[in-house]
Amino acid sequence: MQISNVLNGFTDAAKLGAKKAEQAAGSLLKILKPGDAAAQPSAASRAAMTDILRRYDVTDITPEDFSNMITKLRDAGAISDQDFQELSSIRTELESQGLPADESVNLVQLFGDMLRKAQQQIGDKPEGENLPKLAPAMRKLDWLQKFALIHANPDAAGIDMAA
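Per this note's numbering, residue 2 is the first one in the sequence shown, and the count goes up by one each step.
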C-alpha cells in the first residue's frame, strides 16, 4: 500500500473539476456563433458582461430590472443590437402574460416551462419540422441559462471564450 499516493486521486479530481469549470465558463460567453471570430465579444465587453450580470439574477428578477440589465449589456457592447432585440422579446412576452413590471420572476424556470409546453403541443412531428418552431424559445432559454450561470459564477466567467 502506498500511503504517499492516497491523496493523488483527490488532487487530480480537483484539478479536473476546476478544468471542467473553466471550460464551462468559457463556453458561457460563447453566445454568438462559435468560430465566428469577428463576432466574438472583446475582453472588455466580456468583463462588462460579467460585471453587469453579477448584479442581476435572472432566477429572481423583475421585468423592469431585466430591461435595465439588457440595456446596460447593449450599452457596454456586451451584446449586439440584434441580440438586444431578441432579448427585448422576453420582456414583451412577460408583458403579454400580464406579469407586473415590479413582480419578481424566475425567468429560467418560466421559459423552461414555456419550452416544455411548446414541445408537448408540437407532439411527435419529425424533428426537422419542430426545430424552426422551437428555435426562438430554445435560444431565449439558452441566453437566460448563460446569464444565470455567469451570475452564479462571475469569477469563472472571465476565462477565454475559445476554451
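Note that CB positions come from ideal geometry on N, CA and C, so glycine has one too. Small disclaimer: the values here were computed from a predicted structure and weren't measured.
Taken through DSSP and simplified to helix, strand or coil, Ile-80 comes out as coil. In summary, Leu-150 is buried, with 16 or more beta-carbon neighbours lying within 10 Å of its beta-carbon over all protein chains present. Classified as buried, Thr-51 has 16 or more neighbouring CB atoms from the shown chains inside 10 Å of its CB. A buried status is given to Arg-47, since no fewer than 16 other beta-carbon atoms sit within 10 Å of its beta-carbon. CA-CA distance, Gly-113 to Phe-85, rounds to 20 Å.
Distance from the CA of Ile-71 to the CA of Asp-82, rounded to the nearest whole angstrom, comes to 10 Å.
Between the alpha carbons of Thr-93 and Pro-64 lies a gap of roughly 9 Å. Looking at the DSSP output, Val-106 sits in a beta bridge with Ile-62. Across the structure, Ser-68 and Ala-138 are spaced so that their CA atoms are roughly 18 Å apart.
Straight across, the Cα-Cα distance linking Asp-156 with Arg-55 is about 9 Å. Taking C-beta atoms as the reference points, Leu-100 and Trp-144 fail to come closer than 8 Å.
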